[in-house]
Each structure stands twice: as C-alpha cells, then as structure tokens.
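Asker: In this note's numbering, the protein residues as written are 56 to 462.
Even glycine gets a Cβ: it sits at the ideal position worked out from N, Cα and C.
First, the structure itself, so that you have it in front of you.
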C-alpha cells in the first residue's frame, strides 16, 4: 500500500513513468493563458510542419500527430492520455510537441511529471471563476507551469499583459518577453490590416498573413519567438508563417450576398472586446456591425452582463441568444446578460433564444457591406442542452443563409 498526499499528482507521475516519460524525447512546449492558447499551439504546429519537422499538437480543437488528426476531448486531456499521446508522437518520429495547458489541468496536476522545454504565457482575463475561487487563485494556478520549468527551459511571456511578470517570478527558466507596445525581446508592428489578412513587420522583415487583428499579431509573434528560441532561422520562420491558415473557429471569414460574416470562439469579455475592436478598426462605419452572442450555462455567471455590455457598446445591432445552456434555462441566461445592457442601448437589442433563428435574423437584418459577428462557439459543431450534444455548426447555418441572400 502507498499513501499519497495528492492522488492526481501521483497519477501524473505514474503515467509518465509507465510511458517512460515521453516528454524527455520531445521538445515539449506548453502554452497557457486565457485567450490565444489554441491559436498559438495550432500555428506552432503548422509552422514547424511547414519547416519540415515532424511534430505533434494537443489542443482544444484536435490532437495531431505528424499530420494525422484525432478528435479532442479536452483542452488538456488527463495525465494518462497525455502521456499516451506523447508516446505515440515519439513512436511516429516527432521532434516537437505543442500543447495547450489549461488552468484546470494545472490545478488537477494532469501535467505532473512532464518536462517542458519552454512555456508561453498569453494573457489572463476574466474566465473560469466558476471553478477557481477568485482571480488570484486562477492566476497563480497558471503560474505553476512556469514554476515547474528547469534551468534549461525558456519562459516566454506577453509583456503587454501586466500579469506577465508575475508568471516568471520564481521560474528557473531563462526569461524572454514579446509585445506590440512595450520594450521587449521580440516585437512586431501591424502595417496593414483588412478582412483578408494583415501585413506585419517582424525582425525587420515584412510578412503578409491570412490572419486578422491585433490579437493575432500577438499570437503570430509568440509563434515566431518560440521558433527563434528553438534555434530556427529568421527567414525560414517568417516564410513558414506566411503559409499558415486561420485556426478553425477563430475569426473565420464567410462572405455572401455582399455581407461579411465572422465566426469566432470569443467566449470571454476580453476575447469579445478584441474581436469587435478588430472589426471596427477595419470597417468604414458606413455599414452595420450586427453581433450575435450568448453565454454558456453552468459556467462563470459574472461575465454574462459584461459580455452583453461590450456587445452593445461596440455594435450597431445585438442579438442575445443561446450558446451551450447545458443544465440552465437559456432564457434565464439571456436575462442575466440583459442586466449589462444600459437603457440607451435597449432599442438595439433583440432576444432570440433559438440560436439558428438568431443567426437567420441577423442575416435578414443585414444589407450590402454589413458585417455580422457570430461569437461564442467558434469551432464547436454541437449545442449542449441538458447533457445532450445536438448537431449545430455556426458556419453551416451562416453559409446556408448567406446563399439564400444570393438567390
């Protein structure tokens, strides 16, 4: 019999031992933060595949091993599954693995026993306060990733986020920073941007990317910085970056009938603010921005009114709808969102619980040149109601109804 103080941590250590700690045979990079984890991990995978390196990916959207994809079940899977996947990567000849590391995973010691060669911090904003006791606990849980790094690893943090310095307070790793606004080790500048992509200057080289928005400029810079820190040549990296495609459900652009629709996973106040700010920086203001947004059930309730307020302050019209209500009443969720709508914005808001009808209504209200943002679900192809996942894809609904405009 073995008495353990923390069963979850012990399970992680045992799983690593059982699989002969596959993380030692890979360059393993972890990415943590509230927003940007999926984009950075996925773009790193794409970038290194473009550079000719066999590699693996563990992300919210999918698990990939040198070009072969599997369905993702969690942002960060349980410790046994992590080690199993990493072992498969080693067997497949992968040299690098890029992995999202969620606060839940760190709190539950799912990554115990893994040896990270580098870690990236994106930002910390309002999220998961239904799980963590408060913001400080959420912040310091993410910090565990950096506390566990060895002196041979690197710690890369977003200097434009005030919490970046906190992340690396006790780390043994070599510290680096990236930013758009501050003095840092790695910087980039947005030269041009429209709904088709943006032109960045990185390390004195201009590169056009099929990605949009300052938040994506941060993501791209993080990818470049990691590649550089892993010893890749500057021109090889920017060339590989230029071939990267947008991540599924992250600022995806769908056009039809003279209307531009954007699907984004934005499900936190900060993420929604970033997306609408990006759209408003590009559009001429002679057209409408119609935003369709909801909030998930059985999750942090305090962000519901905040997200509705942001949508109303930045959009021409707003339709509040259902997201994944889970076990909650979707109408009650929408009513809680309405608490953030100020009186002067009441007239611009519609409440349509049925998400498909909400999207159809947004399209019917649109005119040539207008922009429709459908936020919250992004890559998800289901809607979870009372424990049942029903098929639902924002992109399919939008595409079908935009075609009707043409007809």
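Could you pull out every residue in the same chain whose Cβ sits closer than 8 angstroms to the Cβ of residue 293, ignoring the five residues on either side in sequence?
Answerer: 257, 258, 260, 262, 279
Asker: Could you compute how far the alpha carbon of residue 405 sits from the alpha carbon of residue 386?
Answerer: 13 angstroms
Asker: Tell me whether residue 79 is buried or exposed, calling it buried when 16 or more other Cβ atoms sit within 10 Å of its Cβ.
Answerer: With fewer than 16 other Cβ atoms within 10 Å, it is exposed.
Asker: Let me know the secondary structure DSSP gives residue 227 once reduced to three states.
Answerer: Of the three classes helix, strand and coil, the one that applies to residue 227 here is coil, per DSSP.
Asker: Curious, which full-length alpha helix (DSSP H) runs of at least 4 residues does the region 256 to 305 contain?
Answerer: 269 to 284, 289 to 297
Asker: Quick check: what's the CA-CA separation for residue 426 versus residue 458?
Answerer: 16 angstroms
Asker: Going by beta carbon distance, what residues of the same chain come within less than 6 angstroms of residue 455, once the five residues before and after it are set aside?
Answerer: none
Asker: Residue 249 by DSSP, collapsed to three states: which one?
Answerer: strand
Asker: What is the residue span of the beta strand (DSSP E) that residue 441 lies within?
Answerer: From DSSP, residue 441 is part of no beta strand (DSSP E); its letter is neither H nor E.
Asker: Is the separation between the beta-carbon of residue 318 and that of residue 453 shorter than 8 angstroms?
Answerer: In this structure, residue 453 lies closer than 8 angstroms to residue 318 by Cβ.
Asker: I'd like to know if the region 110 to 117 and the region 63 to 77 are in contact, where contact means that at least 3 CB-CB pairs between them fall below 8 angstroms.
Answerer: no
Asker: Using beta-carbon positions only, say whether residue 156 and residue 112 come within less than 8 angstroms of one another.
Answerer: In this structure, the beta-carbon distance from residue 156 to residue 112 does not fall below 8 angstroms.
Asker: For residue 219, which of helix, strand or coil comes out of DSSP?
Answerer: The DSSP-derived three-state label of residue 219 is helix.
Asker: Mind listing, in chain order, the continuous beta strand (DSSP E) runs of no fewer than 3 residues lying wholly within the region 113 to 153?
Answerer: 117 to 120, 123 to 126
Asker: Tell me, which residues are paired with residue 234 by DSSP?
Answerer: By DSSP's assignment, residue 234 forms a beta bridge with 242.
Asker: Once the 5 residues before and after residue 445 are set aside, which same chain residues still bring their CB inside 7 angstroms of it?
Answerer: 437, 438
Asker: Identify which residue in 211, 370, 352, 95 has its Cα closest to the Cα of residue 341.
Answerer: 370
Asker: Pick out whichever of 356, 289, 375, 353 has its Cα sitting closest to the Cα of residue 345.
Answerer: 375
Asker: Give the DSSP-derived three-state secondary structure of residue 361 in the structure shown.
Answerer: helix
Asker: Within the continuous alpha helix (DSSP H) that includes residue 372, where are the two ends?
Answerer: Careful: residue 372 lies outside any alpha helix (DSSP H), inside the beta strand (DSSP E) at 372 to 375.
Asker: So what does DSSP say about residue 187, is it helix, strand or coil?
Answerer: Legend: pLDDT at residue 187 = 48, less than 50; position of this residue unreliable, no value from coordinates given.
Asker: Which residues in the same chain have their Cβ closer than 7 angstroms to the Cβ of residue 209, if we skip the five residues on either side of it in sequence?
Answerer: These residues qualify, in order along the chain: 173, 228, 229, 231, 284.
Asker: My parser needs the beta strand (DSSP E) runs of 3 or more residues fully inside the region 311 to 337; what are they?
Answerer: 314 to 319
Asker: Using the rule of at least 16 other Cβ atoms within 10 Å of the residue's Cβ for burial, across every protein chain shown, is residue 435 buried or exposed?
Answerer: buried
Asker: Mind reading off the beta-carbon distance from residue 273 to residue 235? Whole number of angstroms is fine, and I expect it under 8 angstroms.
Answerer: The distance from the Cβ of residue 273 to that of residue 235 is about 6 angstroms, consistent with a contact at the 8 angstroms cut-off.
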